[in-house]
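Counting from 44, one number per residue, gives the positions in the sequence shown under the numbering used here.
All C-beta atoms in this analysis are idealised placements derived from N, C-alpha and C, irrespective of residue type, glycine included.
These numbers come from a predicted model, not from an experiment.
First up is the structure itself, then whatever we jot down about it.
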Amino acid sequence: MKSVIRTFLGAAVLTQLAGGAGLAEELNLYTTREPKLVEPLLESFTKETGITVNTIFLKDGLPERLEQEAAASPADVLMTVDIGNLVDLVDRGLTQPVNSEALNAAIPENLRDKDGNWFALSLRARALYAAKDLDLASFHYEDLAKPEWKGKVCIRSGQHPYNVALTAAYITHHGADETKAWLEGVKANLARTAGGGDRDVARDIMGGICEIGIANTYYVGLMRSGAGGPEQEEWAKAIKLILPSFENGGTQVNVSGAAVAKNAPNKDQAVKLLEYLVSDAAQKIYAEANYEYPVKPGIPVSPLVGEFGELQVDATDLTAIARERKTASELAETVGFDN
Ligand SMILES: [Fe+2]
Numbered sequence: 044m045k046s047v048i049r050t051f052l053g054a055a056v057l058t059q060l061a062g063g064a065g066l067a068e069e070l071n072l073y074t075t076r077e078p079k080l081v082e083p084l085l086e087s088f089t090k091e092t093g094i095t096v097n098t099i100f101l102k103d104g105l106p107e108r109l110e111q112e113a114a115a116s117p118a119d120v121l122m123t124v125d126i127g128n129l130v131d132l133v134d135r136g137l138t139q140p141v142n143s144e145a146l147n148a149a150i151p152e153n154l155r156d157k158d159g160n161w162f163a164l165s166l167r168a169r170a171l172y173a174a175k176d177l178d179l180a181s182f183h184y185e186d187l188a189k190p191e192w193k194g195k196v197c198i199r200s201g202q203h204p205y206n207v208a209l210t211a212a213y214i215t216h217h218g219a220d221e222t223k224a225w226l227e228g229v230k231a232n233l234a235r236t237a238g239g240g241d242r243d244v245a246r247d248i249m250g251g252i253c254e255i256g257i258a259n260t261y262y263v264g265l266m267r268s269g270a271g272g273p274e275q276e277e278w279a280k281a282i283k284l285i286l287p288s289f290e291n292g293g294t295q296v297n298v299s300g301a302a303v304a305k306n307a308p309n310k311d312q313a314v315k316l317l318e319y320l321v322s323d324a325a326q327k328i329y330a331e332a333n334y335e336y337p338v339k340p341g342i343p344v345s346p347l348v349g350e351f352g353e354l355q356v357d358a359t360d361l362t363a364i365a366r367e368r369k370t371a372s373e374l375a376e377t378v379g380f381d382n
């Protein structure tokens with residue numbers, strides 16, 4: 044398990060992390076997010092509050108590390124992506140409930156745990172990438188299985204957490220049986236074996252392998268900005284992004300989010316960080332830094348994301364979606380989605 048320790052405006056070292064209990068105006072953050080994404084938020088938080096944040100960046104293994112550290116864990120705030128990872132932390136008993144008016148007011152009810160064990164901080168939508176010149180202005184997730192798209196669809200593995208969450212959301216709308224039929228239909232429409240990454244959908248549309256595919260919104264920003272190199276800029280030029288919706292709902296979103304750790308030695312500071320992260324200032328940073336959607340209604344999105352049109356977030360409770368993840372994964376297995 045790899046980790047990097049970074050400190051903001053402070054000289055905290057590991058020994059301090061280990062004995063963090065009672066240290067005033069300091070907190071310890073464990074996160075799987077990219078340093079370049081988190082650092083501007085933390086610097087701004089420290090400037091505003093004077094609270095130093097000691098950050099441990101983990102590639103993976105966040106719950107395992109917390110379980111190992113157990114009651115002695117110095118972790119105060121846990122920050123990660125994907126509803127599955129957040130719910131997993133709760134299920135393993137690694138979080139504690141937080142009741143904060145500021146958090147409850149800023150975050151829509153379906154995007155936070157009802158007991159305050161986790162809170163979404165930013166959103167990413169599961170979108171449709173379509174060939175630039177394709178005569179298509181709107182799309183339903185249900186359409187992916189329609190025969191008219193036979194041999195024209197590209198998508199990553201049905202077992203990837205992004206697709207598991209989409210399939211789980213489909214189950215909440217249509218039930219498991221219809222979802223199985225849908226997965227079979229999508230599988231029958233694939234232009235190539237399910238696999239690769241989201242950006243490969245754009246690459247393969249450019250290459251004429253497929254005409255449409257499913258991928259996250261922020262990758263368009265990352266490709267277009269040149270952050271992924273000149274090749275990816277070309278991929279992005281080949282596609283347009285459509286925000287699909289369920290026939291009886293909105294667009295499926297996943298989240299980045301945070302929780303207060305079960306044994307947080309600095310709980311008050313931890314809650315202050317969470318509250319800061321849903322402030323207007325922090326939500327604007329989220330919107331700009333990674334082409335994500337702010338979780339707080341009314342905060343403007345980045346101009347590039349604005350071009351996608353208005354996001355109508357599906358109203359389904361994320362906890363309900365998380366509950367269907369296992370069934371979703373099993374259905375993908377049953378229909379041989381990745382074969
Ligand atoms: Fe991603």
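Within the segment 138-193, the runs of beta strand (DSSP E) that reach at least 3 residues and sit entirely inside it are, in chain order, 162-174. Residue 134 holds the alpha-carbon nearest to the alpha-carbon of residue 107 among 198, 134, 314 and 87. Inter-segment contact for the segment 273-288 and the segment 245-253 is present: three or more beta-carbon pairs are separated by less than 8 angstroms. One Cα belongs to residue 171, the other to residue 256, and the distance between them is close to 6 angstroms. The Cβ-Cβ distance between residue 334 and residue 165 does not fall below 7 angstroms. Here residue 213 carries a helix assignment [DSSP, helix/strand/coil]. If the five residues before and after residue 314 are omitted, its C-beta is found closer than 7 angstroms to the C-beta atoms of 141, 143 and 303, all from its own chain and listed in chain order.
Residue 256: not part of any alpha helix (DSSP H); member of the beta strand (DSSP E) spanning 255-259, first to last residue. Here the alpha carbons of residue 250 and residue 156 stand approximately 42 angstroms from one another. Annotated three-state conformation of residue 325 is helix, per DSSP. Around the beta-carbon of residue 119, 16 or more other beta-carbon atoms lie within 10 Å, marking it buried. Taking residue 224 as reference, the option from 158, 185 and 90 with the minimal CA-CA separation is 185.
Here residue 338 carries a coil assignment [DSSP, helix/strand/coil]. Measuring C-alpha to C-alpha distances from residue 359 to each of 181, 151 and 110 identifies 151 as the nearest. Linking residue 338 to residue 192 through their CA atoms gives a straight-line distance of about 33 angstroms. For residue 228, same chain residues with a beta-carbon under 6 angstroms away, outside a window of 5 residues either side, are 188 in chain order. Contact check for residue 125 against residue 297 passes: the beta carbons are separated by less than 7 angstroms. Taking C-beta separations shorter than 7 angstroms and ignoring five residues to either side along the sequence, the partners of residue 324 in its chain run 87, following chain order. By the Cβ criterion, the segment 288-295 is not in contact with the segment 305-312, since fewer than three pairs of Cβ atoms, one from each stretch, lie closer than 8 angstroms. Runs of the alpha helix (DSSP H) lying entirely within the segment 219-255, each at least 4 residues long, are 242-249 in chain order.
Membership of residue 362 in the alpha helix (DSSP H) is indicated by the continuous run 361-366. Pairing residue 116 with residue 306, the inter-Cα distance amounts to about 7 angstroms.
Secondary structure of residue 96 (DSSP, three-state): strand.
Look at residue 201 here: in three-state DSSP terms it is coil, with no helix or strand label.
DSSP places residue 333 outside both helix and strand once states are collapsed to three, so it counts as coil.
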